[in-house]
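The next block holds one structure in the form of structure tokens; read it before the comments.
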Amino acid sequence: MGLTPMDIHNKEFERSFRGYLVEDVNEFLDQVAKEMEQLLRENMELKEQIHQLNEKLKSYQKLEETMHNAILVAQETAEEVKQNANREADLIRREAEREAQRIIEDARYRSSKVLAEHEELFKQAQVFKMRFRSFLEAQLSALEMEDWMEPPQADND
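The sequence shown lines up with residues 855 to 1011 when you count with my numbering.
Structure follows, in structure tokens:
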């Protein structure tokens, strides 16, 4: 800056005949110097405020960038969690389907085994029935023979 309040305050003018009153000029220069000094102080304060506001702005911009990055990371993490949950759900579903299939196959095996045992028991019952019938018929035949009612003959030999 070229002109300072001190330059204004210390300025000396040449005297001439019929010039301005020296006291008025000095008083005016003092007033101008004071106002210029006040303006310079205000200017410095405003520059400092601008500097502080710029620092705050940078800080807010960094915070905004950090928050934006955090949001992106959160979104990516949420997507990963969602994908992992879907994969796990699919794995659980497939495992449940395999288990259900195994249970069905086991039930079919047991059912066929029970059916085979039933058929075997039915056959055995038929065989028993036939044998028992034969036994009863043999006993009936033996009963119908009348020689069992005759006393045994003694051997007189």
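Where a beta carbon is used, it is the ideal one built from N, C-alpha and C, also for glycine.
Where Met984 sits in the DSSP three-state scheme
Within the sequence shown, numbered from 1, the residue matching residue 984 stands at position 130. The DSSP-derived three-state label of Met984 is helix.
Throw me the rounded Cβ distance for the Leu886 and Ile862 pair, which I believe falls under 8 Å.
For this step, residue 886 is matched to residue 32 along the sequence shown. For this step, residue 862 is matched to residue 8 along the sequence shown. According to the sequence provided, residue 886 is Val. The question's Leu does not apply to it. With 8 Å as the limit, Val886 and Ile862 qualify as a contact, their Cβ atoms being about 5 Å apart.
Write down the C-beta distance between Leu883 and Lys865 rounded to the nearest angstrom, noting that I regard them as a contact closer than 8 Å.
Indexing the sequence shown from 1 puts residue 883 at position 29. Indexing the sequence shown from 1 puts residue 865 at position 11. With a Cβ gap of about 6 Å, Leu883 and Lys865 count as contacting.
Are the CB atoms of Glu891 and Pro859 nearer to each other than 8 Å?
For this step, residue 891 is matched to residue 37 along the sequence shown. For this step, residue 859 is matched to residue 5 along the sequence shown. Here Glu891 is near Pro859, since their CB atoms are less than 8 Å apart.
From what residue to what residue does the alpha helix (DSSP H) around Met999 run?
For this step, residue 999 is matched to residue 145 along the sequence shown. Met999: not part of any alpha helix (DSSP H); DSSP gives it neither H nor E.
Whole angstroms are fine: how far does the CA of Lys912 sit from the CA of Gly873?
Taking the sequence shown and counting its residues from 1, the one referred to as residue 873 is at position 19. Taking the sequence shown and counting its residues from 1, the one referred to as residue 912 is at position 58. If you take the alpha carbons of Gly873 and Lys912, they lie about 57 Å apart.
Give the DSSP-derived three-state secondary structure of Glu866 in the structure shown.
Here residue 866 refers to the residue found at position 12 of the sequence shown. Correct three-state label for Glu866: coil.
Helix or strand or just coil, what does DSSP make of Arg872?
Here residue 872 refers to the residue found at position 18 of the sequence shown. Three-state DSSP puts Arg872 in coil, outside helix and strand.
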